[in-house]
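Data first, discussion second: the structure below is written as structure tokens.
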Amino acid sequence: MAIADLGGRVLRANPAFAELLGYSEQELEGVAFADITDREDQQSSRAGVQRLLGGQIPSFNIEKRYCHKSGQTVWAHTTVVLIRDSGGKPLHFVALVKDISKRKDAERALEKRTAYLNALFECNPLAIVATSLDDRVNICNPAFERMFQYESSEIAGKALLDLITPAELRAEALQARYQTGMGQSVHLATRRRRKDGTLVDVAVQALLVTVGTDPVGIYAMYEDITDRKRAESQMREAREAAENANRAKSEFLANMSHEIRTPLNGVMGMIDLACSATIRTPGVLPQLGMLP
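Taking the working numbering, I'd label the letters of the sequence shown as residues 1 to 292.
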């Protein structure tokens, strides 16, 4: 606590206020509140004082930054009251000051964490949507808008299943929704419908979101796997073509072997016959071009 004159100079400071700012009680006497207030908060403090002096308000509250003797900033919640005499004449100000630095540090840490998580959500290349437990869209990221051609504002509060699920895959989607609601993490490759009615191949991952032990919604991510599906189809076609070519080659070689072997068998038979005949008929071998 501190008492200040109508010009804003400290008349008296208690030990807690002096310790908060790193000064002794004597060092603070005669110091203007403006000199120990962060520049960015001086205007708002002066505005509150003017309203007090003008009789518009009996007191005001402000969260402001004070300048510590070390140069550091100290956040504090300050309540300022104008004390008047029995005739209503202003006498001095009383400032009740509470250190809120830890709370402000926690708020800044939370803001930083929230900004980081928002950036992960907004910049994620996967299409992400969060729904309520009854399938109503709460929020989606830009990648979801691009993939399914919807603006987030036009689908908020609407049933996700009705928006992007083809009629022929509705049973599959309902089953996946049931499994997710039961706490299972769902992974599947399927197809979903864009706003213009065209279908897109997607890999879906969905999970149940809980706060503590309470389920609060469902978080789903969609990856466009059109290129992957196309590549798989091309690889499958190429493999089938190679297998067909290999099978045709084998059939061709088998046929050729048969066609070649059939006349050769006849030739070899005649040669065997001729060779056996030479035993009884001298001079046959030279006629066949063979040495006797």
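Note that beta-carbon positions come from the ideal geometry of N, C-alpha and C, so glycine has one too.
Please look up how many angstroms separate the CB atoms of V81 and S45, rounded, as I've assumed it's under 8 Å.
-> Incorrect: roughly 14 Å between the Cβ atoms, too far for contact.
What distance in whole Å lies between the Cβ atoms of I155 and L163, which are believed to be in contact at a cut-off of 8 Å?
-> 6 Å
E223 versus V137 - alpha carbon distance = 18 Å
Just mark A13 as buried or exposed, buried being the case when its beta carbon has 16 or more other beta carbons within 10 Å.
-> buried
Pull up the CB-CB distance for E122 and P142, whole angstroms please, since I reckon it's below 8 Å.
-> 6 Å
Reduced DSSP category for L20 - H, G, I as helix; E, B as strand; rest coil = helix
Contact set for T37: own chain, Cβ-Cβ below 8 Å, skip 5 residues either direction | S45, K64, R65, Y66 and C67
Counting Cβ pairs closer than 8 Å, one from the stretch 180–193 and one from the stretch 207–214, do we hit at least three?
-> yes
Candidates S153, I139 and M147: closest to P125 by CA position | M147
Taking the C-alpha atoms as reference points, what is the distance between R51 and Y116?
-> 40 Å
Tell me whether M182 sits in a helix, a strand or coil according to DSSP, three-state version.
-> coil
As assigned by DSSP and simplified to three states, the class of Y116 | helix
Determine the extent of the beta strand (DSSP E) in which E27 is found, giving its start and end residues.
-> Taken as a continuous stretch (DSSP letters only), E27 belongs to no beta strand (DSSP E), being part of the alpha helix (DSSP H) at E25 to L28.
In angstroms with no decimal places, state the Cα-to-Cα distance between A34 and K104.
-> 21 Å
Hey, T78 and I62: beta-carbon distance below 7 Å or not?
-> yes
Does DSSP put L133 in a helix, in a strand, or in coil?
-> coil
Have a look at D5 and L96 and give me their C-alpha separation to the nearest angstrom.
-> 15 Å
Residues near A18 in its chain [Cβ-Cβ closer than 7 Å; skip 5 each side] = S24, E25 and L28
Use the C-beta contact count for Y150: other C-beta atoms within 10 angstroms, 16 or more gives buried, fewer gives exposed.
-> buried
Would you tell me roughly how many angstroms separate the C-alpha atoms of K229 and A109, rounded to the nearest one?
-> 43 Å
Take A176 and list the residues in its own chain whose beta-carbon comes closer than 6 Å to its own, dropping the five residues that flank it on each side.
-> V186
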